[in-house]
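Participant: A single structure is presented below for examination.
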Amino acid sequence: MQEHLIRHLSRSAQRFAVMEGVHGGQIVIVERGGRVWALTPATRIESAFWTNPAALEQDAWNIGGDRTWISPELDYFNDRANRYRVPPELDPGDWSMTANAGEPFVKLEQDCTLHHRPSGKEIRIHLEKQLMTIPNPLLTNTSTAYVELAGIGYIGYEVRQRMTVSPLLPGEGCQPTPSQTAAGYCGLWSIMQVPAGGTAIVPTWGSTKPLVMFGNDRQIEVDAHPSGICLPYRGSHLYKLSFDALQSTGRFGYIRRLNERESNLVVRQFSVYPADLYADYPPGDTNCRGLCTQFFYDGGQLGGFGELEYHTPAVPIGTHSFTSDRSQLYYFTGETGRIHALASLMLGIRVSVT
256 MQEHLIRHLS
266 RSAQRFAVME
276 GVHGGQIVIV
286 ERGGRVWALT
296 PATRIESAFW
306 TNPAALEQDA
316 WNIGGDRTWI
326 SPELDYFNDR
336 ANRYRVPPEL
346 DPGDWSMTAN
356 AGEPFVKLEQ
366 DCTLHHRPSG
376 KEIRIHLEKQ
386 LMTIPNPLLT
396 NTSTAYVELA
406 GIGYIGYEVR
416 QRMTVSPLLP
426 GEGCQPTPSQ
436 TAAGYCGLWS
446 IMQVPAGGTA
456 IVPTWGSTKP
466 LVMFGNDRQI
476 EVDAHPSGIC
486 LPYRGSHLYK
496 LSFDALQSTG
506 RFGYIRRLNE
516 RESNLVVRQF
526 SVYPADLYAD
536 YPPGDTNCRG
546 LCTQFFYDGG
556 QLGGFGELEY
566 HTPAVPIGTH
576 SFTSDRSQLY
586 YFTGETGRIH
596 ALASLMLGIR
606 VSVT
């Protein structure tokens with residue numbers, strides 16, 4: 256899989272970097288769209304992510320992988336005619352990648368100007384991402400409870416992000432007036448795309464129901480647990496669900512069977528701050544704030560993928576502001592029974608082995 260994807264990148268003249276994992280394996284980072292595109296441990300060829308190489312040749316944004324967008328979605332992704340549109344200034348954007356031999360990280364950054372639809376104002380955003388490999392958490396936490404699972408195939412990385420927001424004024428050195436600045440918010444939005452056919456595992460604080468952002472809730476398969484839910488990404492129904500910052504634990508995962516004997520598990524770790532403002536909201540309800548984690552399934556209509564997403568607290572866009580974020584992603588592959596035991600250990604929910 257990795258060689259196949261790298262050939263696509265080379266053929267389409269895309270700039271990319273390959274990082275070696277702490278325990279072997281490879282991480283492929285693509286300058287276009289500023290994203291991690293493939294993640295494979297030394298023991299397997301399957302990437303953690305859904306990828307769409309055809310989009311490279313079509314100059315389309317949706318190439319797959321692990322990306323960073325900006326929220327609230329409906330404030331920046333609806334154009335002046337109120338039609339949904341991924342702003343090309345953001346994705347694929349104009350990212351610049353720095354990958355120096357001998358350095359343990361890859362840096363991505365870009366500047367872009369986005370239209371804030373509710374206010375009609377423009378804002379300037381500077382995004383920085385730093386990616387580095389990280390060791391297996393089962394080896395850095397040496398309790399005997401984890402020893403028997405430490406031999407599972409693994410690769411992982413950390414993402415450190417920073418966003419600076421500036422109101423776009425008529426001239427440099429001008430002081431903003433209320434009529435010139437936008438009243439609104441902007442937050443970082445991290446989105447991991449995974450192949451359909453697996454199950455999203457979503458721990459929550461207590462037993463709670465997700466908010467249906469869109470889709471027919473009667474057709475959404477939800478396996479409820481005392482401390483979270485499982486969402487099988489299968490079937491033909493497109494939907495998106497969300498949990499707010501009071502419900503979100505700062506960790507979620509996705510488990511998928513690879514063959515008769517083996518499965519994989521990808522887990523994301525991030526920070527949640529319930530007292531801060533999470534600005535994303537569902538269609539038709541701008542007063543519904545606080546949404547932190549979100550789970551999208553395309554119903555097989557957009558290429559056969561699901562998404563596991565989280566937002567950061569938002570900052571105001573009417574003045575110079577900045578925010579930062581740090582997350583880690585762990586990818587495991589191995590014998591199905593051991594992967595399910597690991598999912599139960601890391602996510603607190605036991606998924607049945609089928």
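Each position in the sequence shown, counted from 1, maps to that position plus 255 in the numbering used here.
Cβ atoms here follow ideal geometry from the backbone N, Cα and C, with glycine treated the same way.
#1: Looking only at its own chain, which residues have a Cβ that is under 7 Å from the Cβ of glutamine 365, when we skip the five neighbours before and after it?
#2: Since valine 277 and isoleucine 407 are thought to touch, with beta carbons under 8 Å apart, how far apart are those beta carbons, to the nearest angstrom?
#3: If the criterion is Cβ atoms closer than 8 Å, does the pair arginine 372 and serine 579 meet it?
#4: Let's test the definition: count the other Cβ atoms within 10 Å of the Cβ of lysine 464 and tell me whether it reaches 16, buried, or not, exposed.
#5: Could you tell me the alpha carbon to alpha carbon distance between proline 343 and arginine 335, rounded to whole angstroms?
#6: Taking the straight line between their C-alpha atoms, what separation do you get for cysteine 441 and asparagine 471?
#7: Taking Cβ positions, are tyrosine 412 and valine 291 nearer each other than 8 Å?
#8: Could you check what DSSP says for cysteine 429 in three-state terms: helix, strand or coil?
#9: Do you know whose CA, among Arg287, Asp314, Gly279, lies nearest alanine 297's CA?
#10: What's the call for serine 526, buried or exposed, on a 16-neighbour Cβ count within 10 Å?
#11: Name the two residues that bound the continuous beta strand (DSSP E) containing aspartate 349.
#12: Return the first residue and the last residue of the beta strand (DSSP E) that aspartate 580 is part of.
#13: Going along the chain, which residues of its own chain have a beta-carbon closer than 7 Å to the beta-carbon of glycine 453, five neighbours each way excluded?
#14: Keeping to the same chain, check which residues put their C-beta closer than 7 Å to that of leucine 524; ignore five residues upstream and five downstream.
#15: Tell me which same chain residues have a C-beta within less than 8 Å of the C-beta of leucine 423, skipping the five on either side of it?
#16: Roughly how many angstroms separate the alpha carbons of leucine 557 and alanine 596, rounded to a whole number?
#17: Please name the residue in Ala534, Gly554, Gly555 whose C-alpha comes closest to that of valine 570.
#18: Can you tell which of Val467, Tyr536, Arg299 has the C-alpha that lies nearest to the C-alpha of leucine 520?
#19: One question on the structure: do isoleucine 594 and proline 458 come within less than 8 Å of each other, judged by their Cβ atoms?
#20: How would you call valine 402, buried or exposed, if buried means at least 16 neighbouring beta carbons within 10 angstroms?
#21: Residues in its own chain within less than 7 Å of tryptophan 324 by CB, not counting five upstream and five downstream?
#22: Between which residues of its own chain and serine 462 is the CB-CB distance below 8 Å, once the five residues before and five after are set aside?
#23: Can you tell which of Gly589, Thr399, Leu546, Leu294 has the C-alpha that lies nearest to the C-alpha of methionine 387?
#24: Comparing the C-beta of glutamate 344 with each C-beta of chain D, is any distance below 8 Å?
#25: Is it true that the CB of phenylalanine 332 sits closer than 8 Å to the CB of glycine 319?
#26: Could you have a look at alanine 479 and say whether DSSP puts it in helix, strand or coil?
#27: Measure the C-alpha to C-alpha separation of alanine 559 and aspartate 499 and round it to an integer number of angstroms.
#28: Going by alpha carbons, who is nearest to tyrosine 585 out of Glu328, Asn355, Phe469, Thr395?
#29: Just mark phenylalanine 271 as buried or exposed, buried being the case when its beta carbon has 16 or more other beta carbons within 10 Å.
#30: Given a cut-off of 8 Å on the beta-carbon distance, is the pair glutamate 275 and threonine 588 in contact?
#31: Can you tell me whether alanine 530 is buried or exposed, with buried defined as 16 or more other CB within 10 angstroms of its CB?
#32: Where glutamate 312 and arginine 266 are concerned, what is the direct C-alpha to C-alpha distance, given to the nearest angstrom?
#33: Kindly provide the ranges of any alpha helix (DSSP H) runs that are 4 or more residues long and lie completely inside the segment 326 to 389, ordered along the chain.
#34: Could you pull out every residue in the same chain whose Cβ sits closer than 6 Å to the Cβ of glycine 545, ignoring the five residues on either side in sequence?
#35: Taking C-alpha atoms, which residue in Val341, Ser326, Cys543 lies nearest to glycine 467?
#36: Quick one: is serine 503 buried, meaning 16 or more other Cβ sit within 10 Å of its Cβ, or exposed?
Facilitator: Looking at the atomic coordinates:
#1: Closer than 7 Å at Cβ, skipping near neighbours: Gly289, Gly348, Asp349, Trp350, Ser351, Leu382.
#2: The pair is not a contact, with the Cβ atoms about 14 Å apart (cut-off 8 Å).
#3: Their beta carbons are not under 8 Å apart, which means arginine 372 does not touch serine 579 by this criterion.
#4: With a 10 Å radius around the Cβ and a threshold of 16 neighbouring Cβ atoms, lysine 464 comes out exposed.
#5: The alpha-carbon separation between proline 343 and arginine 335 amounts to approximately 15 Å.
#6: Looking at the two C-alpha atoms, the distance is approximately 29 Å.
#7: Contact: yes.
#8: Here the model assigns cysteine 429 a pLDDT of 49, short of 50, so the residue's position is not dependable, and the following value carries that caveat. In this structure, cysteine 429 counts as coil in the three-state DSSP scheme.
#9: Distance from the Cα of alanine 297 is smallest, within the candidate group Arg287, Asp314, Gly279, for Gly279.
#10: Burial is judged here by how many other beta carbons sit within 10 angstroms of a residue's own beta carbon; serine 526 has fewer than 16 and is exposed.
#11: It is not in any beta strand (DSSP E) - aspartate 349 carries neither H nor E in the DSSP assignment.
#12: Residues 576 to 590.
#13: Result list for glycine 453: Tyr488, Tyr509, Ile510, Arg511, in chain order.
#14: Strictly speaking, residue 524 in this sequence is glutamine, with leucine absent from that position. Excluding residues within five positions, the ones whose Cβ falls inside 7 Å are Gly505, Arg506, Ser582, Gln583.
#15: Contacts found: Thr368, Lys376, Glu377, Ile378, Arg379.
#16: The alpha-carbon atoms of leucine 557 and alanine 596 are separated by roughly 32 Å.
#17: For valine 570, the nearest C-alpha among the options comes from Ala534.
#18: Closest in alpha carbon position to leucine 520, among Val467, Tyr536, Arg299, is Arg299.
#19: It is not a contact, given that the beta carbons lie outside the stated cut-off.
#20: Exposed is the call here.
#21: Result list for tryptophan 324: Leu345, Asp346, Trp444, Ile446, in chain order.
#22: Cβ within range, chain order: Ala479, His480, Pro481, Ser482.
#23: It is Leu294 whose Cα lies nearest to the Cα of methionine 387.
#24: Protein chains in the displayed structure number just one, and chain D is not present.
#25: In this structure, glycine 319 keeps its C-beta atom at 8 Å or more from the C-beta atom of phenylalanine 332.
#26: Alanine 479 falls in the strand class under three-state DSSP.
#27: The residue you asked about is not alanine; residue 559 is glycine in the sequence shown. Glycine 559 and aspartate 499: Cα-Cα distance of roughly 26 Å.
#28: The candidate whose alpha carbon is nearest that of tyrosine 585 is Thr395.
#29: Result: buried.
#30: Going by C-beta atoms, glutamate 275 is not nearer than 8 Å to threonine 588.
#31: Counting other Cβ atoms within 10 Å of its Cβ, alanine 530 stays below 16 and is therefore classed as exposed.
#32: The alpha-carbon atoms of glutamate 312 and arginine 266 are separated by roughly 9 Å.
#33: Whole alpha helix (DSSP H) segments, 4+ residues: 328 to 331.
#34: Closer than 6 Å at Cβ, skipping near neighbours: Asp499, Ala500, Tyr533.
#35: Strictly speaking, residue 467 in this sequence is valine, with glycine absent from that position. Considering only alpha carbons, the answer is Cys543.
#36: Around the C-beta of serine 503, 16 or more other C-beta atoms lie within 10 Å, and the residue is accordingly described as buried.
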